[in-house]
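Student: Quick one: structure below, then a few questions.
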Amino acid sequence: MGDWQFTALLLSNGVLIGLMYSLIALGFVLVYKATDAVNFAQGEFVMIAGFVAVGALTVLGVPLWLSILAALVGMIAFGFALERVMLRKLIGRPVIAIVMATIGLAAILRGLGPFGIFQGTRPLPLPLPDEPFVLGPLFIPPIQLVGGLVSLLFLAGFGYFFLKSRKGIAMRAVADNQQVALAMGINVERYFGVAWAMTGIVSALGGVLWGNMLGVDVNLALVGFKVFPVVILGGLDSIPGAVIGGLIVGIVENVAAGYVDPFVGGGTKDFAPYVLMILALMIRPYGIFGKRIIERV
Amino acid sequence: MIHRECGILKTTYEADMALYPLPIAKYAVAAFAVLFFLIVPLMLHEYFLSIANLVWIAVIGALGLNILVGYTGQVSIGHGAFMSVGAYTAANLATRLDAPWPVNLLAGGLMAALVGAIVGIPSLRIKGLYLAIATLAGQLIIEWTINHVTFISGGVQASIEVPRPRLGPYVLSSQHAMYYFLLFFVVVAIVGTMNLVRSRVGRAFIAIRDHDIAAEIIGINIFRYKLLAFAISSFYAGVTGVLYTYYLGIANYEQFQIGVSIDYLAMIIIGGLGSVLGSIFGAAFVTLLPIVIRYAMEAFSGVLFSQATVHNLIPALRLTLFGALIIVFLVLEPEGLNRLWRNIRSYFRVWPFAY
Chain S
50 MGDWQFTALL LSNGVLIGLM YSLIALGFVL VYKATDAVNF AQGEFVMIAG FVAVGALTVL
110 GVPLWLSILA ALVGMIAFGF ALERVMLRKL IGRPVIAIVM ATIGLAAILR GLGPFGIFQG
170 TRPLPLPLPD EPFVLGPLFI PPIQLVGGLV SLLFLAGFGY FFLKSRKGIA MRAVADNQQV
230 ALAMGINVER YFGVAWAMTG IVSALGGVLW GNMLGVDVNL ALVGFKVFPV VILGGLDSIP
290 GAVIGGLIVG IVENVAAGYV DPFVGGGTKD FAPYVLMILA LMIRPYGIFG KRIIERV
Chain H
80 MIHRECGILK TTYEADMALY PLPIAKYAVA AFAVLFFLIV PLMLHEYFLS IANLVWIAVI
140 GALGLNILVG YTGQVSIGHG AFMSVGAYTA ANLATRLDAP WPVNLLAGGL MAALVGAIVG
200 IPSLRIKGLY LAIATLAGQL IIEWTINHVT FISGGVQASI EVPRPRLGPY VLSSQHAMYY
260 FLLFFVVVAI VGTMNLVRSR VGRAFIAIRD HDIAAEIIGI NIFRYKLLAF AISSFYAGVT
320 GVLYTYYLGI ANYEQFQIGV SIDYLAMIII GGLGSVLGSI FGAAFVTLLP IVIRYAMEAF
380 SGVLFSQATV HNLIPALRLT LFGALIIVFL VLEPEGLNRL WRNIRSYFRV WPFAY
């Protein structure tokens, strides 16, 4: 295989994986945009969505479409409930309180993993062929292609929702200024709930797609660690930022892994995005598309 | 005199800043000294002493993190990584150069302070959430570096055995010896922190926490003091890492992963942000929690689960309870155990009378 073919392969892989990162990062962005809360439990959201889907599929034995639906409904309910029980009480508290609360939530969800209805890693089979599509020098696994397409679809969908729909405009108003939104007759608390439910939807899809790629167990939550480089690069409150950030992180980690891993013995994939993120924080902390509201002290 | 004040009756700044606000505080400190230096080590079994030692190590780390998060208001999710820097510095010095423990301890602390100050550089431009994510990146990058650079980690296992610390001719190998060894540093750390936060530097930290722009306007060099806070906090972390390495007899990066950083954050939140006593409460609470859970689970294990599954479930249960406690404290008692203790104390202050 030629040198450029290797690079092309790394790039194509990076783009598709990057789009799948974008999908998960979208969950983070939606909540931050609407409620100013940061979700350090995004990976765990994806994990429990995977657990619900696999649990419905293998333990209850329902068909695949129903188990995906179960994951969606379950995560929407979870999002609403979480906002009601925990996050509403933390409105107006310092950042560290919300950060720690979501870290605590992550600990709870991860700790509950082994108490679930099944033990060990379970596959989440989707009706897709195993053989990769061969396009010239490129090998594209079908799941990544589907994942990338689903991500694009949802990113476009949420983009449309925020730009055009009545609810989306209301949510943008809430994100912009809660008091003015209240004065305009928008039910701010309800939209907080809606934002968390939307994160639930995104996480459910992420759980199904990533669960299919990696298998469903507690380690599925580790995918959440990729969210931070993506959102910092793209901008914390920007949907196009999530896409661009995801693409950058996907490409960088694949290229870095392809070229650096042979020298250091693996692990570059988890390392390179964070180096990039530190650089981004130093140079452009609000990200590529983020709002420039960062105070400099 | 054994009496308590019945209100805030201080008339001078000196009285307000005093280490012993009342004579009773001196007696209390003396009583605790007797308790922890004589009664506890003589009464407790070796196993319980080893738990007490873990608590002492955690107290030093929690004090360090509280200086940064509680007093200076800079969020850090990289405390565990700074500990690993200290631990590996000491382990390498001990095995390669055969350096004695005081040198290792100081070198570990200083190296961690240096790395901490470097990780803290982004704090000059960003704060809050962004800083939390930046320190998280610092944690992951340091973890990866130690794990992948064999010069630091000493091979594939990334663990280095260290010899026991010796004091003159004595080798500190028993839990009793370690107890006194660690307690000495706990006392130094507590007194050091108490004096730090009532000094000029500590007041600058608190000013930055309360309002950074106002602090800059009254002439506090934010650049210097933020980095200083990171350095001091990381020095404590490095010392904690070195002590933990000596306690275990081995430096292993798995003891300092991101979960440890979160444990320490939980300690100071459960204990109380910006309080020395809170750090101690929190460290003891978080360290003892899994042990209590294990006893409880073993006691009830026959009823609910089989013995084998209990051992698998303990870490998971610990994690769950731990997360729940963080959330409960954040929602219900943001000032932590320290606040509960103050409430109890102020209730008994004028006890038989209502006012």
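Chains as they are written, first to last, in our numbering: chain S, 50 to 346; chain H, 80 to 434.
Built from N, CA and C at the ideal position, the CB exists for glycine as well.
Bear in mind that the values here come from a model prediction, so they are computed numbers and not experimental data.
Classify S:G185 as buried or exposed, calling it buried when 16 or more other Cβ atoms lie within 10 Å of its own Cβ.
Tutor: Result: exposed.
Student: Return yes when the Cβ of H:A294 is within less than 9 Å of the Cβ of H:G199, no when it is not.
Tutor: no
Student: In angstroms with no decimal places, state the Cα-to-Cα distance between S:M149 and S:N261.
Tutor: About 30 Å.
Student: Judging by CA-CA distance, which residue of S:T56, S:L173 and S:A126 is the nearest neighbour of S:R99?
Tutor: Looking at the sequence provided, one finds Gly at residue 99 of chain S rather than Arg. Closest by alpha carbon: S:L173.
Student: Grab me the residues of S:D310's own chain with a C-beta within less than 7 Å of its C-beta, minus the 5 sequence neighbours each way, in chain order.
Tutor: T317
Student: Buried or exposed: which applies to H:M80, given that a residue is buried once 16 or more other Cβ atoms fall within 10 Å of its Cβ?
Tutor: Bear in mind that the predicted position of H:M80 carries a pLDDT of just 45, short of 50, making it too unreliable to give a figure here.
Student: Just tell me which of H:T151, H:V276 and H:H124 has its CA closest to the CA of H:L98.
Tutor: H:V276
Student: With H:E412 as the anchor, note down where its beta strand (DSSP E) starts and where it stops.
Tutor: Looking at the DSSP string, H:E412 is not in any beta strand (DSSP E), and its letter there is neither H nor E.
Student: Pairs of beta-carbons, one from the stretch 123 to 137 of chain H and one from the stretch 278 to 288 of chain H, closer than 8 Å: are there three or more?
Tutor: no
Student: What are the residues of the stretch 73 to 88 of chain S that lie near chain H, defined by any Cβ-Cβ distance shorter than 7 Å?
Tutor: V87
Student: Can you check which of these residues, S:L325, S:G123 and S:L285, is closest to S:V298 by C-alpha distance?
Tutor: Taking only the C-alpha atoms, the option nearest S:V298 is S:L325.
Student: So, is H:E125 buried or exposed, given that buried needs 16 or more other C-beta atoms within 10 angstroms?
Tutor: Burial call: exposed.
Student: Output the boundary residues of the beta strand (DSSP E) element that contains S:V183.
Tutor: F182 to L184
Student: Look at H:L262 and H:F127 and say whether their C-beta atoms are less than 9 Å apart.
Tutor: no
Student: Contact check, H:G281 vs H:G149 under 8 Å by CB: the rounded distance?
Tutor: Not really, about 11 Å apart at Cβ, beyond 8 Å.
Student: Quick one: which chain H residues come within Cβ less than 9 Å of S:R171?
Tutor: Under the 9 Å cutoff, chain H gives no residues; its nearest Cβ is about 17 Å from S:R171.
Student: Can you give the beta carbon distance from H:F230 to H:G195, rounded, assuming they're within the 8 Å contact cut?
Tutor: The pair is not a contact, with the Cβ atoms about 21 Å apart (cut-off 8 Å).
Student: Using C-beta distances below 8 Å, list every residue in its chain close to S:A219, excluding the 5 sequence neighbours before and after it, in chain order.
Tutor: A230, I235 and Y240
Student: Just the chain H side, please: which residues come within less than 9 Å of S:M96 by C-beta, in chain order?
Tutor: Neighbours of S:M96 on chain H: none; closest Cβ ~13 Å, over 9 Å.
Student: List the residues that DSSP assigns as beta-bridge partners of H:A330.
Tutor: H:I239
Student: Could you tell me which residues DSSP pairs with S:V265 in its beta bridges?
Tutor: S:R171
Student: Quick check on H:Q254: buried or exposed, where buried means 16 or more other Cβ atoms within 10 Å of its Cβ?
Tutor: buried
Student: Within the same chain, show all residues whose beta-carbon is closer than 8 Å to that of S:V346, passing over the 5 residues directly before and after it, in chain order.
Tutor: Low local confidence applies: a pLDDT of 49 at S:V346 is under 50, so the model's placement there is unreliable, with the coordinate-based value given in what follows. Same-chain partners within the cutoff: there are none.
Student: Short of 8 Å in beta carbon distance, which residues of its chain neighbour H:M96, apart from the five on each side in sequence? Order them along the chain.
Tutor: Counting only Cβ-Cβ distances below 8 Å, and skipping sequence neighbours, we find R277.
Student: Whole angstroms is fine: what's the gap from H:L184's alpha carbon to S:G307's?
Tutor: 40 Å
Student: So, are the CB atoms of S:I189 and H:I212 less than 9 Å apart?
Tutor: no
Student: Find the residues of chain H that neighbour S:M69, judging by a C-beta separation of less than 8 Å, and give them in chain order.
Tutor: The premise fails here: S:M69 is roughly 20 Å from chain H at the closest Cβ pair, so nothing lies under 8 Å.
Student: Name, going along the chain, the residues of the stretch 133 to 164 of chain H whose beta-carbon falls closer than 9 Å to a beta-carbon of chain S.
Tutor: V148, G152, V154 and I156
Student: CB S:G249 to CB S:L121, shorter than 9 Å?
Tutor: yes
Student: On the DSSP bridge list, what partners appear for S:F211?
Tutor: DSSP output for S:F211 lists no bridge partner at all.
Student: My guess is that S:A86 and S:G294 are in contact by the Cβ rule of under 8 Å, so how many angstroms apart are they, rounded?
Tutor: Not confirmed; about 19 Å, so no contact.
Student: Show which residues of chain H have a CB atom less than 8 Å away from the CB atom of S:G153.
Tutor: Result: A345, F401, G402, A403, L404, I405, I406 and L409.
Student: Could you list which residues in chain S have their beta carbon closer than 7 Å to that of H:L215, in chain order?
Tutor: F277
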